[in-house]
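Position 483 (the sequence shown) corresponds to 483 in the UniProt record's numbering; numbering is contiguous.
For reference, the structure is listed below as structure tokens.
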Amino acid sequence: MQQPRSGRARPSPGTLLESPSASLTDEMNQKKLEERTLQLNSVQRNYEVMSRMMQTKTKEMEQLRSQLNAEMAHRVSLGIKLEEMTRKADHAELQWSKLKVLPDQLATLQAELQRTRYDNSLALGKSSTLEEKMLGLSKMAEDTEFSNGKLKRELEMALIREAERKAEFADVRSEVERLRDDCKSLTADLKASQEYLSSATASGRKAEQQIALLNGRLESRDESISGLEANLRSLRVLLEEERTGRGGDRVALAASRGQVNQLESQVVSLRRSLSLAEEARVKAEEGLARITLELSQSIEEASQHKERCTHLASLVQSAEDRCTSILSQQVQADEVVMVLRVQLQQSKVLLADAQRTCQVSEETLRDSENRRRQEAEEASTQIREMHGRLANERSMRMEFIKAVIQKMEVSLERMSSLQSAVNQGFQTTSERHERMMSAVEHSHGVWERSLMEQEEVLQVMSSHVMALMGSAEGRAKKWKADIVVHHDLLATTNNSPSASSHPVILPSPTSKRKLEAALAAANEKMQGLQGQVSELRTNASELSESLAEEKRAATALKKALAQAENNHMEALNEAQRVAAEDLSAERKRLSNKLDALTAQVERLELTAKDSARATAEMREMEKAELQRQISSLQAEVAAERQRAFEAQQSVAETSGGQLAALSRMHQTEMESVRALGAAKAAELEASLSTARSNMTATWDSSKNLLSEMDMVARHLVKMGWDVKGVAEFGNNKHDNNGAASPLEGMAEDGSGLAVSKAVVQLRLHFSYITEAVQNNVAKAGQALAAAATAKQLQQFQAAAANTGSNAAMELLKGLKSSMARLLRAEEALAPTCTCMACMGTLEKPMLLSPCGHSVCERCLKQSKGLCVECPDGNGHVQAAIPNGPLEVICSKYEIKLSALRTIQAAVTAAAENI
1 MQQPRSGRAR PSPGTLLESP SASLTDEMNQ KKLEERTLQL NSVQRNYEVM
51 SRMMQTKTKE MEQLRSQLNA EMAHRVSLGI KLEEMTRKAD HAELQWSKLK
101 VLPDQLATLQ AELQRTRYDN SLALGKSSTL EEKMLGLSKM AEDTEFSNGK
151 LKRELEMALI REAERKAEFA DVRSEVERLR DDCKSLTADL KASQEYLSSA
201 TASGRKAEQQ IALLNGRLES RDESISGLEA NLRSLRVLLE EERTGRGGDR
251 VALAASRGQV NQLESQVVSL RRSLSLAEEA RVKAEEGLAR ITLELSQSIE
301 EASQHKERCT HLASLVQSAE DRCTSILSQQ VQADEVVMVL RVQLQQSKVL
351 LADAQRTCQV SEETLRDSEN RRRQEAEEAS TQIREMHGRL ANERSMRMEF
401 IKAVIQKMEV SLERMSSLQS AVNQGFQTTS ERHERMMSAV EHSHGVWERS
451 LMEQEEVLQV MSSHVMALMG SAEGRAKKWK ADIVVHHDLL ATTNNSPSAS
501 SHPVILPSPT SKRKLEAALA AANEKMQGLQ GQVSELRTNA SELSESLAEE
551 KRAATALKKA LAQAENNHME ALNEAQRVAA EDLSAERKRL SNKLDALTAQ
601 VERLELTAKD SARATAEMRE MEKAELQRQI SSLQAEVAAE RQRAFEAQQS
651 VAETSGGQLA ALSRMHQTEM ESVRALGAAK AAELEASLST ARSNMTATWD
701 SSKNLLSEMD MVARHLVKMG WDVKGVAEFG NNKHDNNGAA SPLEGMAEDG
751 SGLAVSKAVV QLRLHFSYIT EAVQNNVAKA GQALAAAATA KQLQQFQAAA
801 ANTGSNAAME LLKGLKSSMA RLLRAEEALA PTCTCMACMG TLEKPMLLSP
851 CGHSVCERCL KQSKGLCVEC PDGNGHVQAA IPNGPLEVIC SKYEIKLSAL
901 RTIQAAVTAA AENI
């Protein structure tokens, strides 16, 4: 970078601000250079914009085609998913209808459980009564001190009670056997039900078989027949529902075919609209392609002949980019830009029409797809809700069945404990009976042994009595012989006492009396002995009779005991035989019923399989038919695409004349531009040095303007305003006016780098001043701002009076011209920030599609979806996008414009007062 010239004097601020150029010729050359540069830049920009637009439209068409293919594939997948969901819903409804039978079966099972509990309570009562009776019998049997008569009566009562007990025992035993069979059947049924519940979640058909098996096992009485008939009726109802479901499926299939026909008609209309859109798009693409080709050729030729001009344009490009907003009005007024804009507008109109038609077709297709998607989503939602309800119902059923199974397990445990208690009671009763019988037999043996002992004692006593009787009879006979002898002696003595030849010793009278007394005593003893003998004989006969009676009683008791034992064994055998016969008959009846139910279930399964097979075949046929229709539709789409391609080629051939005319016109314009560029190339080269000198002058003016803006900022700070950037130059070297220059030590060599930095500094300090003005206006308001302005003017006038009126006048003139240039540069953004509907600043700007215009949100609502900038005001708006960056630009534009106008008014008032 070149250093500033040391011998050159610094110009005054007023002179530099009033005239940045040196002469009128330089200004004309600079204007022409700017015009030609703008023309070339506008042509390049138009070419770039058109190429980018074509690339964008091509990408959009590719995206639309890919979206269309994806939507077609998604539609096919949705159809397949819808069929699967329908099939699953039918299967779920079938399973739900089959599971509806479970509450009735559970109610039957609960009733059977209640009956079993009632029978168990009856058995418990009977067992308690039997235990009481057995306890009474044991107490009665344990008493061995009763008499024989009481023993006989007790034996008779025991026989009667034994018969009653046998009958009751047989009844209880049969009842217990029946309850045991019921418990076994219930246990088996519960196990089968548990297996059924575990397998019901895996397969619906197994659930039906296990339900039938559970019904067959649970229905152990005549009520099972009615339950099975109800099951059959429900199965028939299910078959009828399935048939009605088939009819509904046929109706749905017919409706789906009608929808397919409607979709085919919509597809045909979409094909037509797409063909028209593609024709228009192809026309626009052909025209744009040719224009692009011609532009590229012209640009290549111009670049080959004018390399130095391109180098100059590249040098000026940086300055032109920074001043685009200032030169936008000149660009809009340029004729070449207007012609190209008209051509671009025509191509935009054609492309917008094609895009609008394509978007209409896309919206129609999207609406149909959305409807189909909504229908599929509604169907899937209903199916999900149905599955949720089924899952909830299934979980509730499973919980209820689990609770019932737990209750039944508890009841089975109680029944098993009851059965163990009954068995224990029976065992205790049998043990007591055995103990009683053993006690009776023991007492009978003791009694028999006592009888034998008594018999032996009686025999000994009878033998003693017989011996005594023999001895008594011998003594009686002896005594009788002695008495007879004595009587004979007495008689002899009395009759002839003197005639006896032999000598006889006669007793004395005293001995005679003694002998008579002895005889009388002997007779009395004899009579007493005879009485005792008769008594002994009577006692012996009585004892023999009692012994015979006891023998007969013992024999009868033995016979009764043997008969009772035989009767007991016969009763037990008969009860076992009857229980075995009843059990075999019940098993046979249940097996016959189970065989009948199995056969019926097999028939129902065959019927269900046949119906399912027929339904599957019908679904396969319908699926094949739909696949065939889809393939035919795809073939038609391919044919339509081929026809559209042929139509595009024909349209391209027919529109060749128009495009050729357009290309010739554009070629003419490009030739004129090239000629003008060739003629002005030397002039541009000659003006390059002048431009560099102008750059140097602009650099000096920028430095002076920056110094003046710094002075204004410092003056505003002295007035009490809060301005940024003032303290940044405190340590720098000051210029002649006492203000710090941020560009100190820099110089302009003609390349524009220093000027660009100066412009950046100007914009920065202007933004600081603008921000200070905005803050002051926001804080004080309209009235306070006016008062503050008057006060600042007074302070400025006082400062001007102090520093001199001439210097203040020059400073105000420089500020006035600078404010005017800045205001014009800011007002250049007015077309961008102005709404063409209300002609005001854009408020909440909305970017319209497909035309690309921007309007206010309020104006868009009032126009009812039409763009007012489009030709005839009939541009249909397909989409409106909020333009946030443009809204920020418009707000900044409005704030800066108001601040600049306020500053300009203040400077103008100060200049008038001075």
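Don't be surprised by glycine CBs; every beta carbon is placed ideally from N, CA and C.
Query	Result
Nearest to R714 (by Cα), restricted to the options E620, F766, E887 and G875	F766
Classification of E617 by the beta-carbon crowding that lies within 10 angstroms, buried from 16 upward	exposed
Backbone secondary structure at C890 - three-state DSSP	helix
Top-ranked residue by Cα proximity to L706, from E887, A758, K718 and K724	A758
Local conformation of C867 per DSSP, three classes	strand
Option nearest Y768 by Cα separation, candidates A638, P850 and K896	K896
Validate contact between the stretch 814-823 and the stretch 839-853 using beta carbons, cut 8 Å, 3 pairs	no
Reduced DSSP secondary structure (H/G/I, E/B, other) of L847	strand
Run of the beta strand (DSSP E) containing A880, from where it starts to where it stops	A879 to P882
Pairwise C-alpha distance: L24 and Q30	10 Å
CA-to-CA distance, M569 to Q563, given in whole angstroms	10 Å
N573 classed as buried or exposed, judged by whether at least 16 other C-beta atoms fall within 10 angstroms	exposed
Counted within 10 angstroms of its Cβ, other Cβ atoms place Q332 as buried (16 or more) or exposed	Any reading at Q332 must be qualified, since the residue scores a pLDDT of 47, below 50, and its modelled position is unreliable; the value itself is stated next. So Q332 ends up on the exposed side.
CA-to-CA distance, E84 to E385, given in whole angstroms	16 Å
Where the beta strand (DSSP E) containing C856 begins and where it ends	S854 to C856
According to DSSP, residues forming a beta bridge with H74	Paired residue(s): none; H74 is not in a bridge.
Three-state class that DSSP yields for G875 in the structure shown	strand
CB-CB length for N883 against S854, believed under 8 Å	6 Å
For T841, the residue or residues it bridges with in DSSP	T834
Backbone CA spacing between R115 and D610 [nearest angstrom]	41 Å
Counted within 10 angstroms of its Cβ, other Cβ atoms place M709 as buried (16 or more) or exposed	buried
Rounded C-alpha distance that separates G875 from Y893	28 Å
Distance between A635 and Q629 (C-alpha atoms, nearest Å)	10 Å
Among V888, I889 and G865, the one whose alpha carbon lies nearest that of A880	G865
Burial state of V446 (16 or more Cβ within 10 Å)	exposed
Backbone CA spacing between S438 and E456 [nearest angstrom]	26 Å
Cβ distance (whole Å) where C870 is taken to contact C851 below 8 Å	5 Å
Identity of the residue in Q406, A481, N392 and A548 nearest M452 by Cα	A548
Classification of T555 by the beta-carbon crowding that lies within 10 angstroms, buried from 16 upward	exposed
Pairwise C-alpha distance: K861 and G720	46 Å
For A899, three-class secondary structure by DSSP	helix
Cβ neighbours of C835 in the same chain (closer than 7 Å, five flanking residues each side left out)	L842, V855, C856 and C859
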